[in-house]
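Q: Got a structure here, written out as structure tokens. Questions coming.
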Amino acid sequence: MNIRDEILKEHSRKQSEKIAAYIGCDEKRFAELMNLFFENTYRVTQRAAWIVRICAERNQFLIEPFLSKMVNYLSCDVHDAVKRNTLGIFQSIELPKKLWGKTTDLCFRFLMNSDELIALKIFAMTVLENICQHEPELKNELKLVIENQLENASAGFKARAKRILKRAGTDL
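Take a look at the structure:
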């Protein structure tokens with residue numbers, strides 16, 4: 023299978039699942055997908071991001087060699103799908119300590135940016151909550167940022183924010 027051709031053929035859950043199934047646990051195929059993810063061609067990158075997330079959810083070990091590059095990529099002007107799917111992955115894995123600083127900065131920036139998509143803000147909140155488990159000094163800042171946005175936030179944002187605040191008790 024030519025992964026790039028298949029990505030461009032169709033943008034659907036079924037097609038993404040088909041490509042992810044082809045990649046399976048194969049590190050070489052996953053590396054090929056990651057090359058497409060980092061290609062920075064709008065359509066290819068957008069579609070590859072979804073497949074990367076599916077693969078990472080099924081086989082976390084595949085994503086580990088690319089985590090640092092993914093964090094750096096978030097600093098660039100990338101498609102919203104790349105940001106959303108990358109943070110979607112980050113919220114469900116244990117990030118290496120060496121990536122906490124830059125990831126924290128990016129997530130706070132996304133969370134405070136009124137132009138960002140709600141899903142991205144929600145994922146950023148969860149990534150920050152996870153980092154706060156190891157870096158408790160960030161809890162007050164996260165609490166302030168969340169509370170500052172609650173009044174005018176969407177229902178989805180409010181629901182996640184309230185769960186995060188409740189899970190953390192009075193500490194967050």
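Under my numbering, think of the first position of the sequence shown as 23, with each following residue one higher. Glycine included, every Cβ here is placed at the ideal spot set by N, Cα and C.
How big is the Cα-Cα spacing for isoleucine 25 and cysteine 98?
A: Position 3 of the sequence shown holds residue 25. Position 76 of the sequence shown holds residue 98. Rounded to the nearest angstrom, the two C-alpha atoms are 24 Å apart.
Q: From which residue to which residue does the alpha helix (DSSP H) around valine 93 run?
A: The residue given as residue 93 occupies position 71 in the sequence shown. Unbroken alpha helix (DSSP H) run through valine 93: 89-96.
Q: Looking only at its chain, what residues have a beta carbon closer than 6 Å to the beta carbon of isoleucine 153, apart from the 5 residues adjacent to it on each side?
A: Here residue 153 refers to the residue found at position 131 of the sequence shown. Taken in chain order, the residues that qualify are Trp122, Thr126.
Q: Could you pull out every unbroken alpha helix (DSSP H) segment of at least 4 residues lying fully inside the region 65-91, listed in chain order?
A: Listed in chain order, nothing qualifies, since the region 65-91 has no complete alpha helix (DSSP H) run of 4 or more residues.
Q: Is it buried or exposed, threonine 192, if we count other Cβ atoms within 10 angstroms and call 16 or more buried?
A: Working through the sequence shown from its first residue, we reach residue 192 at position 170. The predicted position of threonine 192 is uncertain, since its pLDDT is 49 and thus under 50; no value can be drawn from it.
Q: Please name the residue in Cys77, Val66, Tyr64, Lys31 whose C-alpha comes closest to that of cysteine 47.
A: Looking up residue 47 in the sequence shown gives position 25. Nearest of Cys77, Val66, Tyr64, Lys31 to cysteine 47, Cα basis: Cys77.
Q: Note down the Cα distance separating isoleucine 45 from methionine 23, rounded to an integer number of angstroms.
A: The residue given as residue 45 occupies position 23 in the sequence shown. The residue given as residue 23 occupies position 1 in the sequence shown. When rounded, the distance between both Cα atoms is 10 Å.
Q: For leucine 139, does the three-state DSSP call read helix, strand or coil?
A: Numbered from its first residue, the sequence shown carries residue 139 at position 117. Of the three classes helix, strand and coil, the one that applies to leucine 139 here is coil, per DSSP.
Q: Leaving out five residues on either side along the sequence, give the residues of the same chain with a beta carbon under 8 Å from the beta carbon of glutamate 49.
A: Within the sequence shown, numbered from 1, the residue matching residue 49 stands at position 27. Contacts found: Leu84.
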